[in-house]
Amino acid sequence: MLFLLLFASVALYAQPLRKSSREANMEAAEAAMAEKNYYQAVTLLEKAYEEIEDESLLPQLAEMNYQLRDYTKAARYYSRLLRKDKQNTFIDLRYKYGRALKMNGNCEEALEEFQKFIGATKDEKLKELAQYEVAGCELAMSKTKAKVTPKVLDKNVSNAFSEYSPSLYRDGSLYFVSFDTDEVVIASDSSEEKSAMIFKTTKTDKGWNKPEPLDQKINREGFQNSFVSFSPDGSRMYFTRAIMKGNEVSESKIFYSQGGGDSWGAAEECTGVNGEYLSLHPVVGELFGKEVLFFTSNMDGGEGGLDLYYASYKGEGVYGDPINLGPKINTPGDEVTPFYFDGTLYFSSNGHPGYGGQDIFFTVWNGQVWSEPRNLGNGYNSSTDDQYFSLDREGYKGFLTSNRPSTGKSIRAKTCCDDIYEFEVPRIKADLVVGVFDVGKKPLKGGTTNLGTVSTVSTTEITPVDQKLNTNGNRFDFPLVLDKAYKIKVTVPGYFPDSAQVTTIGLKETKVLEKRFFLRALPETKVKEEPEYDTITTEQPILLDNIVYGYNDDKITPESEPDLNLVLDLMKKYPEMVIELSSHTDYRGRDEYNQDLSQRRAESARKWLLQKGIASSRIQAKGYGEAQPKPVNEKMASEFLFMTPKDTLTQDFIDNLATKEEQEAAHQLNRRTEFKIIKGPTKIVIKRAELRKKPTTTKPAPNRNKQVQVPDTLPTATPAKDTIHRFSTLYYAKDLKGVPIMHFTVREVDFGKVKKGEKREYTFEFTNKGDADLKIAIISACDCTTTDYATDPVKPGESGKIKVTFDSTDKTESETIDVDIILENTMPGKDSPIIERLQYKFELVK
Numbered sequence: 022m023l024f025l026l027l028f029a030s031v032a033l034y035a036q037p038l039r040k041s042s043r044e045a046n047m048e049a050a051e052a053a054m055a056e057k058n059y060y061q062a063v064t065l066l067e068k069a070y071e072e073i074e075d076e077s078l079l080p081q082l083a084e085m086n087y088q089l090r091d092y093t094k095a096a097r098y099y100s101r102l103l104r105k106d107k108q109n110t111f112i113d114l115r116y117k118y119g120r121a122l123k124m125n126g127n128c129e130e131a132l133e134e135f136q137k138f139i140g141a142t143k144d145e146k147l148k149e150l151a152q153y154e155v156a157g158c159e160l161a162m163s164k165t166k167a168k169v170t171p172k173v174l175d176k177n178v179s180n181a182f183s184e185y186s187p188s189l190y191r192d193g194s195l196y197f198v199s200f201d202t203d204e205v206v207i208a209s210d211s212s213e214e215k216s217a218m219i220f221k222t223t224k225t226d227k228g229w230n231k232p233e234p235l236d237q238k239i240n241r242e243g244f245q246n247s248f249v250s251f252s253p254d255g256s257r258m259y260f261t262r263a264i265m266k267g268n269e270v271s272e273s274k275i276f277y278s279q280g281g282g283d284s285w286g287a288a289e290e291c292t293g294v295n296g297e298y299l300s301l302h303p304v305v306g307e308l309f310g311k312e313v314l315f316f317t318s319n320m321d322g323g324e325g326g327l328d329l330y331y332a333s334y335k336g337e338g339v340y341g342d343p344i345n346l347g348p349k350i351n352t353p354g355d356e357v358t359p360f361y362f363d364g365t366l367y368f369s370s371n372g373h374p375g376y377g378g379q380d381i382f383f384t385v386w387n388g389q390v391w392s393e394p395r396n397l398g399n400g401y402n403s404s405t406d407d408q409y410f411s412l413d414r415e416g417y418k419g420f421l422t423s424n425r426p427s428t429g430k431s432i433r434a435k436t437c438c439d440d441i442y443e444f445e446v447p448r449i450k451a452d453l454v455v456g457v458f459d460v461g462k463k464p465l466k467g468g469t470t471n472l473g474t475v476s477t478v479s480t481t482e483i484t485p486v487d488q489k490l491n492t493n494g495n496r497f498d499f500p501l502v503l504d505k506a507y508k509i510k511v512t513v514p515g516y517f518p519d520s521a522q523v524t525t526i527g528l529k530e531t532k533v534l535e536k537r538f539f540l541r542a543l544p545e546t547k548v549k550e551e552p553e554y555d556t557i558t559t560e561q562p563i564l565l566d567n568i569v570y571g572y573n574d575d576k577i578t579p580e581s582e583p584d585l586n587l588v589l590d591l592m593k594k595y596p597e598m599v600i601e602l603s604s605h606t607d608y609r610g611r612d613e614y615n616q617d618l619s620q621r622r623a624e625s626a627r628k629w630l631l632q633k634g635i636a637s638s639r640i641q642a643k644g645y646g647e648a649q650p651k652p653v654n655e656k657m658a659s660e661f662l663f664m665t666p667k668d669t670l671t672q673d674f675i676d677n678l679a680t681k682e683e684q685e686a687a688h689q690l691n692r693r694t695e696f697k698i699i700k701g702p703t704k705i706v707i708k709r710a711e712l713r714k715k716p717t718t719t720k721p722a723p724n725r726n727k728q729v730q731v732p733d734t735l736p737t738a739t740p741a742k743d744t745i746h747r748f749s750t751l752y753y754a755k756d757l758k759g760v761p762i763m764h765f766t767v768r769e770v771d772f773g774k775v776k777k778g779e780k781r782e783y784t785f786e787f788t789n790k791g792d793a794d795l796k797i798a799i800i801s802a803c804d805c806t807t808t809d810y811a812t813d814p815v816k817p818g819e820s821g822k823i824k825v826t827f828d829s830t831d832k833t834e835s836e837t838i839d840v841d842i843i844l845e846n847t848m849p850g851k852d853s854p855i856i857e858r859l860q861y862k863f864e865l866v867k
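With the first letter of the sequence shown counted as 1, position 631 gets the number 652 in our numbering; the numbers rise by one all the way through.
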């Protein structure tokens with residue numbers, strides 16, 4: 022199980038020729054099994070079975086092939102045995118049959134076998150393991166994308182036998198375990214028995230150099246020397262020395278050597294972690310601020326099989342009593358090959374749900390307890406055995422050992438032997454995109470954005486990081502550093518400044534953080550707007566913003582006519598101009614339907630222009646359906662911060678957007694009508710305002726469900742009255758006569774820790790302390806927030822309630838949410854509404 026020793030030729034166990042070949046093979050096989058030489062035994066038994074297909078040999082053939090990790094042959098023999106086992110005589114072997122199928126990548130059949138086994142077995146421990154295997158099959162069948170693509174080390178390291186236990190030293194050299202031979206290893210009592218040895222190799226631009234074994238102070242003859250690791254400072258090497266009996270380990274103890282680099286001292290046995298049990302896989306870690314040694318053992322009192330333990334370091338190779346890591350980590354199966362890195366313990370297990378046999382898992386130490394183990398994922402794990410996970414000092418490159426099928430040579434089955442694989446961990450990146458707008462969502466140019474880091478303890482201490490001025494646009498891009506909290510401050514001449522905070526603390530994947538600022542103009546300040554112009558050239562699609570259609574409809578609505586009038590004016594101004602009117606849909610729905618709908622819509626726009634006197638030869642109507650997703654331009658990127666000018670709104674791009682809101686915005690941009698010049702003037706110049714002009718409509722009745730844009734931050738100033746909260750626009754009013762005043766008992770609420778998908782609610786209570794009836798027009802918040810309130814006027818002195826419900830389903834990070842109450846009542850002496858603000862925050866947890 023722990024070593025794979027592969028044995029010599031059939032001649033070693035040959036018998037006199039007077040016996041039949043079957044009898045000779047059977048006696049030779051029994052002799053090989055007595056010495057626990059399973060490789061030779063299975064070869065001889067297969068020869069005996071082939072002569073007369075003796076079904077009594079099937080259990081042995083299946084079991085030995087399973088132990089030698091020839092899962093294809095094992096599954097074949099298990100199948101022949103179990104399909105005739107109507108009395109469930111070999112019910113426990115059905116569990117191993119399921120595992121053999123699973124490690125062959127045949128999860129659907131494996132799932133059936135595990136279910137049969139669970140329904141028939143009386144072995145509760147095996148039943149528990151089988152239930153984990155069922156969960157593992159479901160995990161493997163989910164076909165999650167591989168997180169990494171490990172590559173087997175080159176031929177200087179990899180051979181037809183097993184290489185395992187890779188450990189990277191401080192200087193970049195790689196230590197690992199293999200056999201010092203190019204021949205089959207023979208297990209015998211001979212003094213010339215080949216042993217597992219610790220090798221060292223270095224890497225150049227051309228690959229790994231030829232490995233060299235360490236000297237006899239480490240690689241002692243007569244022992245299997247293996248499982249190498251180092252202390253963080255590189256001064257101590259840990260490894261094990263084991264004694265084998267055939268293919269099984271009969272004794273294993275942990276040793277250490279002091280030194281470093283090319284010079285290691287004599288090996289000394291560790292005290293406190295060795296005994297009348299197996300001690301394996303030593304690795305240095307830290308718990309409660311002190312050095313410990315994690316290791317694997319089968320000592321009494323464990324959870325079953327091999328368990329993970331730790332022991333406190335007392336100095337000079339002496340350790341305290343071993344402590345089991347407990348049932349959260351250890352299972353009735355085997356937990357082996359631990360590796361500790363920066364508060365995280367990685368290990369391999371066949372007792373937790375996994376993709377294959379031994380899968381790599383990790384658990385995080387929070388200072389008091391370990392987290393629930395999590396599977397490291399596809400790529401790191403395969404359908405076979407994946408063990409000996411390790412990382413370099415930065416945590417972005419690493420190694421693992423696996424018997425996954427590779428292109429290299431194997432002396433038996435493709436999965437018989439371990440190879441060492443190297444991989445690179447994708448680096449997590451964080452970027453910040455800032456967009457600056459006025460309260461009407463118009464992009465503001467000429468702004469300055471200051472970025473600084475803030476203390477996680479006190480937000481008043483700001484360390485400047487970067488400052489950017491953008492005279493040509495409203496977008497600012499900054500690279501961020503992980504595990505930092507930042508403060509952003511935005512200023513634009515003629516507008517109140519604003520600030521906000523973002524954080525990369527705890528970020529687990531690459532992410533672009535977006536922050537939009539909607540600035541309010543300073544009082545009595547008139548910002549002169551210079552006209553902006555667009556130059557339209559031949560074959561350049563120009564979006565007609567206001568051409569909209571009803572659902573599943575192609576009729577031109579009144580809201581669409583201003584844009585069509587613009588096209589009409591251009592057609593009259595340039596009588597030689599020929600245009601294409603094109604209509605596009607998003608990718609949802611059937612292709613044929615979308616194509617037909619877009620063509621009908623384009624024809625409707627064309628018909629409208631023809632009715633205004635434009636010659637039919639000057640307008641071509643073309644429906645493209647979903648075939649031409651919208652390319653992102655600079656203007657779109659300034660408004661939608663999750664886009665860049667390099668993007669195209671393809672299905673893949675939209676499906677990978679972070680939120681449903683972003684996806685819907687992209688769909689809306691794809692649903693569009695455009696025109697372009699195909700003949701006539703090569704370019705025309707037009708005021709941008711004409712292209713963006715919205716239709717004039719009468720003022721609608723208040724809509725409680727409508728999202729209203731309000732400023733992100735209310736500006737600071739001296740309050741008019743101490744009774745007015747800073748979250749109210751009345752905070753700045755000098756005359757409060759004739760207005761309602763909302764006095765809340767609580768305006769800010771902390772929902773605390775919220776798991777994704779959970780809901781929280783709070784009822785805010787208020788009293789009208791003004792001298793006018795209070796009438797709520799709209800309450801505006803994010804899509805994650807719903808509100809419930811009475812629409813009747815609240816008279817002076819009366820009270821009211823606003824129930825706020827938060828749904829975290831679409832949230833990806835902790836936030837503070839503003840709930841803005843827009844009243845029908847207006848500010849004293851102005852036409853703008855009174856706005857009151859409530860606020861809640863939450864911490865999103867897994």
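C-beta atoms are modelled at their ideal positions from N, C-alpha and C, and glycine is treated no differently.
For Lys593, the enclosing alpha helix (DSSP H) starts and ends at Glu582 to Lys594. Where Ile139 is concerned, the enclosing alpha helix (DSSP H) starts and stops at Cys128 to Ala141. In this structure Tyr376 is not in contact with Ala96, their Cβ atoms being roughly 17 Å apart against a cut-off of 8 Å. Looking at the DSSP output, Val198 bridges to Tyr185 and Ile219. Below 8 Å, too few C-beta pairs join the region 384-399 and the region 142-156 to call them touching: fewer than three.
Looking from the CA of Tyr196, the closest CA among Cys158, Val249 and Ser179 belongs to Val249. Ranked by how close their Cα comes to the Cα of Gly527, the residues Ile449, Lys704 and Thr470 have Ile449 in first place. In chain order, Ser404 place their CB closer than 6 Å to the CB of Gly126, counting only its own chain and leaving out the 5 sequence neighbours on each side.
Partner residues in the beta bridge of Asn402, as assigned by DSSP, are Asn399. Between the beta-carbon of Ile823 and that of Thr807 there is about 11 Å, and that puts the pair past the 8 Å contact cut. Between the beta-carbon of Lys508 and that of Ser520 there is about 6 Å, and that keeps the pair under the 8 Å contact cut.
For Asn846, DSSP assigns no beta-bridge partner whatsoever. In the displayed model, Leu795 falls within a strand according to three-state DSSP. Here Met763 carries a strand assignment [DSSP, helix/strand/coil]. Excluding sequence positions up to five before and after Ala263, its CB lies within less than 6 Å of the CB of Gln245, Val270 and Ser273, all in the same chain and listed in chain order. The secondary-structure analysis by DSSP pairs Gly468 across a beta bridge with Asn491. Looking only at Asp617, Glu597, Pro666 and Gly515, the smallest Cα-Cα distance to Thr703 is reached by Glu597. Taking C-beta separations shorter than 7 Å and ignoring five residues to either side along the sequence, the partners of Pro348 in its chain run Glu324, following chain order. In chain order, Asn789 place their CB closer than 7 Å to the CB of Glu819, counting only its own chain and leaving out the 5 sequence neighbours on each side. About 7 Å separates the CB atoms of Leu757 and Pro849; that is less than 8 Å, so the two are in contact.
For Lys238, the CB contacts under 8 Å within the same chain, skipping 5 residues up- and downstream, are Ser278, Trp285, Gly286, Ala287 and Ala288 in chain order. For the set Tyr810, Asp804, Ile843 and Lys816, the Cα lying nearest the Cα of Phe827 is the one of Asp804. Sequence-distant partners of Lys681 (beyond 5 residues in either direction) whose C-beta falls short of 7 Å from its own C-beta, in its chain, are Asp831.
Within its own chain, the residues whose Cβ lies closer than 6 Å to the Cβ of Lys435, once the five positions on either side in sequence are excluded, are Pro426, listed in chain order.
By the criterion of a C-beta distance shorter than 7 Å, Gly341 is surrounded in its chain by Gly293, Ala332, Ser333 and Lys335, once the five residues flanking it on both sides are discounted. Collapsing the DSSP output to three states places Arg257 in a strand. For Glu324, the secondary structure class from DSSP, reduced to helix, strand or coil, is coil.
For Pro562 and Phe696, the gap between their C-alpha atoms comes out near 6 Å. Shown here for Ala62: same chain residues with a beta carbon closer than 7 Å to its own, the five before and five after excluded, namely Ala50, Ala53, Met54 and Met85 in chain order. One Cα belongs to Gln389, the other to Glu482, and the distance between them is close to 31 Å. Separation of Thr110 and Ser77 (C-alpha to C-alpha, rounded to the nearest whole angstrom) is 13 Å. In summary, Ser42 is exposed, with fewer than 16 beta-carbon neighbours lying within 10 Å of its beta-carbon over all protein chains present. Using a C-beta cut-off of 8 Å, the region 149-160 makes no contact with the region 405-417, since fewer than three inter-stretch Cβ pairs fall below that distance.
With respect to the 8 Å criterion, Thr525 and Phe497 are not classified as neighbours on the basis of their beta carbons.
DSSP, reduced to helix, strand and coil, places Asn46 within a helical segment of the structure shown. Boundaries for Lys508: no alpha helix (DSSP H) harbours it, while the beta strand (DSSP E) harbouring it runs Ala506 to Thr512, taken from the DSSP string.
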